[in-house]
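Everything on this sheet refers to the single structure shown next.
2 protein chains.
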Amino acid sequence: MQKPLILVVNDDGINAPGIRKLISIMNEFGDVVVVAPDSPQSGKGHAITLESIIKCDKINIDDGPQEEYSCSGTPVDCVKLALNKILKRKPDLCVSGINHGSNSSINVIYSGTMSAAIEAALGGVPSIGFSLLDYSLEADFSESEKFIRKITKSVLDNGLPGGISLNVNIPKSVIGKKINGIKICRQAKAKWIEEFDKRQDPKNNTYYWLTGKFVNSDNGEDTDERALENHYVSVVPVQFDLTAYQEISKINNFI
Amino acid sequence: MQKPLILVVNDDGINAPGIRKLISIMNEFGDVVVVAPDSPQSGKGHAITLESIIKCDKINIDDGPQEEYSCSGTPVDCVKLALNKILKRKPDLCVSGINHGSNSSINVIYSGTMSAAIEAALGGVPSIGFSLLDYSLEADFSESEKFIRKITKSVLDNGLPGGISLNVNIPKSVIGKKINGIKICRQAKAKWIEEFDKRQDPKNNTYYWLTGKFVNSDNGEDTDERALENHYVSVVPVQFDLTAYQEISKINNFI
Chain A
197 MQKPLILVVN DDGINAPGIR KLISIMNEFG DVVVVAPDSP QSGKGHAITL
247 ESIIKCDKIN IDDGPQEEYS CSGTPVDCVK LALNKILKRK PDLCVSGINH
297 GSNSSINVIY SGTMSAAIEA ALGGVPSIGF SLLDYSLEAD FSESEKFIRK
347 ITKSVLDNGL PGGISLNVNI PKSVIGKKIN GIKICRQAKA KWIEEFDKRQ
397 DPKNNTYYWL TGKFVNSDNG EDTDERALEN HYVSVVPVQF DLTAYQEISK
447 INNFI
Chain B
197 MQKPLILVVN DDGINAPGIR KLISIMNEFG DVVVVAPDSP QSGKGHAITL
247 ESIIKCDKIN IDDGPQEEYS CSGTPVDCVK LALNKILKRK PDLCVSGINH
297 GSNSSINVIY SGTMSAAIEA ALGGVPSIGF SLLDYSLEAD FSESEKFIRK
347 ITKSVLDNGL PGGISLNVNI PKSVIGKKIN GIKICRQAKA KWIEEFDKRQ
397 DPKNNTYYWL TGKFVNSDNG EDTDERALEN HYVSVVPVQF DLTAYQEISK
447 INNFI
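So the protein sequences, as listed, match chains A and B. Counted from 1, the first sequence has number 420 at position 224 by this note's numbering; the numbering is strictly sequential. Counted from 1, the second sequence has number 366 at position 170 by this note's numbering; the numbering is strictly sequential.
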């Protein structure tokens, strides 16, 4: 039997510890091709490169059996290039991450990691984005591994409904506290309250740094934020149809 | 009575004819503040600027009464800056566009114009993205005007459900053919089939241009693509909750 073909992508860049860990896990499951950004692309959302060129070259980073390509484009560009130019056949799975930091709740729309997974789903490839709630480049991925293996195996065995990606967030490792399991959730209604840091450059021109505070006002028991608070892995099935079906008739009444 | 405060943004840049037209229409409805990118930002999706600084300076482009700011960031950065630093109170409406080119069906997720509108909705501001199905910078906006006025007035009078943006696409002007009206629609299940153009640079390195073909395989009568084909203005209510609720129980069965 042919081994599964697995595409690996991320937004932290091809050298980030998170993607190196994910590649090593995926090598257990099938033939792995990595197409990932050559530099960090956090917060790039679903951006694509329309006004400039994209470079994408084969590269050798470690001794693993995977084939790797380093790409100057966004995470979504990486997936488009992989599906349309690099891979010889449609992959059986696309995994994105392991992201250094949370992509739970509203973070999903800013996340290059999740946008790459969503782009794969758009291309008809079952996909999973994995994120660890730890921004550190020295993050401890050891507890994540068994959950990544379990979810990957389930998706390879069962597939996913068409057009669906899984947004998987994993609690940060805490000494003496075990992850309680996995919960399938909905996206919490949380958001960022921006706090732009206004500064003057040496020529006295104003500039800003985007900073902010994450605020969750959603008390639902079934949200990803609640699962993570309770030290569960959260899994949200995500779609790219943004239509608010429930509002169509209401809007028909006044436009 | 206080006049409505209207935030205007786009992704084609503050000098694009589409936003200039939109500003002139919005001046009829209220006090207008423009915060828009200083250069074209098409295809930027929901990207935000995390790794570099953002500049945003007051600028005077024409004699209109509006207040304007030109911003080095993405369309979503513009909205965040406007809501959190520039505007003295929460606006009554955010309009984005008029985009030069379609943002119907799947284009909504790549579009900086629509991502800006969605970001405003996230901030609790009713929002509308307007796009004309004509990429030309000399596009004829004259037929669009009355539909933009009608939809803007409806939203100012009635508001929108919380967290909802309207994705409004307007057919290209065709001599001798009038727009038939407005239809409230769902997002068509269409997608782009990429066709990367592979080239060699003068040093013989490979690079790519992203090109593609738009393919609509959705025959539904209620889609935005169908409305536009039939020469109607399409209006899709759009939300930022990406949860595929209908799949939660299915996924619970196998993970």
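A virtual CB, placed ideally from N, CA and C, is assigned to each residue, including glycine.
- For Q198 of chain B, there are no C-beta contacts with chain A under 7 Å, since the nearest C-beta of that chain is about 22 Å from it.
- When A:I282, A:D258, A:P261 and A:G260 are compared, the shortest CA-CA separation from C267 of chain A is found for A:I282.
- Secondary structure of P233 of chain A (DSSP, three-state): strand.
- Among the residues facing chain A, T439 of chain B is included, as its CB has a counterpart in that chain under 8 Å away.
- L328 of chain A carries a strand assignment under DSSP once its states are collapsed to helix, strand and coil.
- Burial of G214 of chain B is indicated by the presence of at least 16 other C-beta atoms within 10 angstroms of its C-beta.
- Listed by position along chain B, the residues whose Cβ is nearer than 7 Å to that of A243 of chain A are G239, K240, G241 and A243.
- Judged by DSSP in its simplified three-state form, K349 of chain B adopts helix.
- With fewer than 16 neighbouring CB atoms inside 10 Å of its own CB, I371 of chain A falls in the exposed class.
- Only residues of its own chain outside the window of five on either side were considered, and among them N299 have a CB closer than 6 Å to the CB of S307 of chain B, listed in chain order.
- Following the DSSP letters along the chain, one finds F450 of chain A in no beta strand (DSSP E) but inside the alpha helix (DSSP H) bounded by residues I444 to F450.
- Across the structure, P398 of chain B and G325 of chain B are spaced so that their CA atoms are roughly 41 Å apart.
- In this structure S361 of chain A is buried. Its beta-carbon is surrounded by 16 or more other beta-carbon atoms within 10 angstroms.
- Chain B has no Cβ within less than 8 Å of the Cβ of P322 of chain A.
- Annotated three-state conformation of V275 of chain A is helix, per DSSP.
- Minimum Cα-Cα distance from R422 of chain B among the listed residues B:V321, B:R382, B:E315 and B:I447 corresponds to B:R382.
- The C-alpha of Y265 of chain A is placed about 11 Å away from the C-alpha of G209 of chain A.
- Residue-level contact check: P433 of chain B touches chain A, since one or more beta carbons of chain A fall below 8 Å from its beta carbon.
- When C-alpha distances from V228 of chain B are compared across B:R285, B:E334, B:T270 and B:T245, the shortest belongs to B:R285.
- Within chain B, the C-beta atoms nearer than 8 Å to that of N448 of chain A come from I380, in chain order.
- Unbroken beta strand (DSSP E) runs of no fewer than 3 residues, entirely contained in the segment 383 to 449 of chain A, are found at 386 to 390, 393 to 396, 402 to 405, 408 to 412 and 429 to 434, following chain order.
- Residue pairing by DSSP places I250 of chain B opposite A:Y404 in a beta bridge.
- The beta-carbon distance between I314 of chain A and V434 of chain A, rounded to whole angstroms, is 6 Å. This is short enough to meet the 8 Å contact definition.
- S298 of chain A has a beta carbon lying at 8 Å or more from every beta carbon in chain B.
- Beta-bridge pairing by DSSP links S292 of chain A to A:V205 and A:G325.
- Under a 10 Å Cβ-count criterion, F450 of chain B is classified as exposed, with fewer than 16 other Cβ atoms of the shown protein chains found around its own Cβ.
- The beta-carbon distance between V272 of chain B and S311 of chain B, rounded to whole angstroms, is 5 Å. This is short enough to meet the 8 Å contact definition.
- In this structure, DSSP gives L356 of chain A a state outside helix and strand, which the three-state scheme calls coil.
- Beta-bridge annotation (DSSP): I210 of chain B is not paired with any residue.
- Between the beta-carbon of L201 of chain B and that of G239 of chain B there is about 29 Å, and that puts the pair past the 8 Å contact cut.
- Inclusion of A386 of chain B and S301 of chain B in the CB contact set at 8 Å is warranted, their separation being smaller than that value.
- The C-beta of Q383 of chain A comes closer than 8 Å to at least one C-beta of chain B.
- For I305 of chain B, the uninterrupted alpha helix (DSSP H) run begins and ends at N303 to Y306, by DSSP.
- Under the three-pair Cβ rule at 8 Å, the segment 398 to 415 of chain A counts as touching the segment 237 to 256 of chain B.
- Between the segment 355 to 369 of chain B and the segment 325 to 340 of chain B there are three or more inter-stretch CB-CB distances shorter than 8 Å, so the stretches are counted as touching.
- In this structure, the CA atom of S235 of chain B is about 19 Å from the CA atom of D330 of chain B.
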